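Undergrad:
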Amino acid sequence: GMMVKKKPKTRSVKMVSINKITRTRALDGNDLYERAHKNWLAGKLRVAFKLFLAAANIGVVDAFNDVAQFYHYGTGVVADEDAALYWYHRAVREFEDSSSANNIGCIWRDRGNLERALWWFKKAVAMGDCQSNLNIAKIYLDYKHNSRIAVGYLEKVAKSRSRYVTEGGKEEAAALLKQISKRGGKV
């Protein structure tokens, strides 16, 4: 009989390769970043992550913290703390991003390295992230059991007028201060 040639399997044309996009530089980095944000808001997390990573890889510093957070929390990608640290460090170094410094502190705290965590939280405060004082206070309360030192850091947050301090942060600091005073300075 006659041999019938099988049609070769074709991959879906709909999926545009991110590598192809960045290789051809058809889109500039800011366009990648904007598209990443739109996909993130639309709940398309894997696509958003790939676009943020593509933007970060071609030097869009705004994307560094986003890529780090996606890795840190496993959003749209398998969680990878070491990759998160890499991108947070780049955001601090190249973008002076205080929230990235705070997040590095969180990773070290969660890994049990309190001195390193304190160093990064203090760096975040020095860079303008007043709310990092709350993380410093919690280390003194929860791990070092020193409410006397914690009070100073909590007051900085509770009384802050900084736009970097959230209402939630202020309320938490105020509640902890109230708890400490009720117990006569002990938590």
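The numbering of the sequence shown is the working numbering, which starts it at 274 and goes up by one.
All residues carry an ideal CB built from backbone N, CA and C; glycine is no exception.
The structure presented is a predicted model; accordingly, all values stated were derived computationally and were not measured.
Mind checking which residues open and close the alpha helix (DSSP H) that includes K411?
TA: The residue given as residue 411 occupies position 138 in the sequence shown. First-last of the alpha helix (DSSP H) with K411: 405 to 415.
Undergrad: Just the Cα atoms here: how many angstroms apart are D301 and A329?
TA: Position 28 of the sequence shown holds residue 301. Position 56 of the sequence shown holds residue 329. The alpha-carbon atoms of D301 and A329 are separated by roughly 12 angstroms.
Undergrad: So, is S420 buried or exposed, given that buried needs 16 or more other C-beta atoms within 10 angstroms?
TA: Here residue 420 is taken as the residue at index 147 of the sequence shown, counted from 1. The residue in question, S420, is buried, as its Cβ has 16 or more Cβ neighbours within 10 Å.
Undergrad: Our contact map puts L305 next to V334 with C-beta atoms below 8 angstroms; I'd like the distance itself, whole angstroms only.
TA: Stepping through the sequence shown from its first residue, residue 305 is reached at position 32. Stepping through the sequence shown from its first residue, residue 334 is reached at position 61. Not really, about 13 angstroms apart at Cβ, beyond 8 angstroms.
Undergrad: Would you please state the rounded distance, in angstroms, between the beta carbons of N338 and D383? I believe it to be under 8 angstroms.
TA: Within the sequence shown, numbered from 1, the residue matching residue 338 stands at position 65. Within the sequence shown, numbered from 1, the residue matching residue 383 stands at position 110. With 8 angstroms as the limit, N338 and D383 do not qualify as a contact, their Cβ atoms being about 18 angstroms apart.
Undergrad: If you follow the alpha helix (DSSP H) that Y426 is part of, which residue opens it and which one closes it?
TA: The count along the sequence shown starts at 1 and reaches residue 426 at position 153. 420 to 431 is the span of the alpha helix (DSSP H), which, as asked, contains Y426.
Undergrad: Tell me, to the nearest whole angstrom, how far the beta carbon of L391 is from that of I409; I am working on the premise that it is less than 8 angstroms.
TA: On the sequence shown, residue 391 is found 118 positions in, with the first residue counted as 1. On the sequence shown, residue 409 is found 136 positions in, with the first residue counted as 1. That pair is a contact at about 6 angstroms.
Undergrad: Report the rounded CA-to-CA distance for W360 versus V340, giving the unit in angstroms.
TA: Taking the first residue of the sequence shown as 1, we reach residue 360 at position 87. Taking the first residue of the sequence shown as 1, we reach residue 340 at position 67. Near 7 angstroms, if we compare the C-alpha coordinates of V340 and W360.
Undergrad: Where E354 and K432 are concerned, what is the direct C-alpha to C-alpha distance, given to the nearest angstrom?
TA: Position 81 of the sequence shown, counted from the start, is the residue given in the question as residue 354. Position 159 of the sequence shown, counted from the start, is the residue given in the question as residue 432. Cα-Cα distance, rounded: 33 angstroms.
Undergrad: Compute the beta-carbon to beta-carbon distance between Y416 and L387, rounded to the nearest angstrom, for a pair I have assumed lies under 8 angstroms.
TA: Your numbering for residue 416 matches position 143 in the sequence shown. Your numbering for residue 387 matches position 114 in the sequence shown. Yes, Y416 and L387 are in contact; Cβ-Cβ is about 6 angstroms, under 8 angstroms.
Undergrad: Which residues mark the beginning and the end of the alpha helix (DSSP H) in which A321 is found?
TA: Along the sequence shown, one-based indexing puts residue 321 at 48. Per DSSP, A321 belongs to the alpha helix (DSSP H) from 318 to 330.
Undergrad: Short check: CB of G442 to CB of V430, under 8 angstroms?
TA: On the sequence shown, residue 442 is found 169 positions in, with the first residue counted as 1. On the sequence shown, residue 430 is found 157 positions in, with the first residue counted as 1. Against a cut-off of 8 angstroms, the Cβ pair of V430 and G442 comes out as a contact.
Undergrad: Specify the secondary structure class of S372 as computed by DSSP and reduced to three states.
TA: Counting from 1 along the sequence shown, the entry for residue 372 is found at position 99. Helix, per DSSP.
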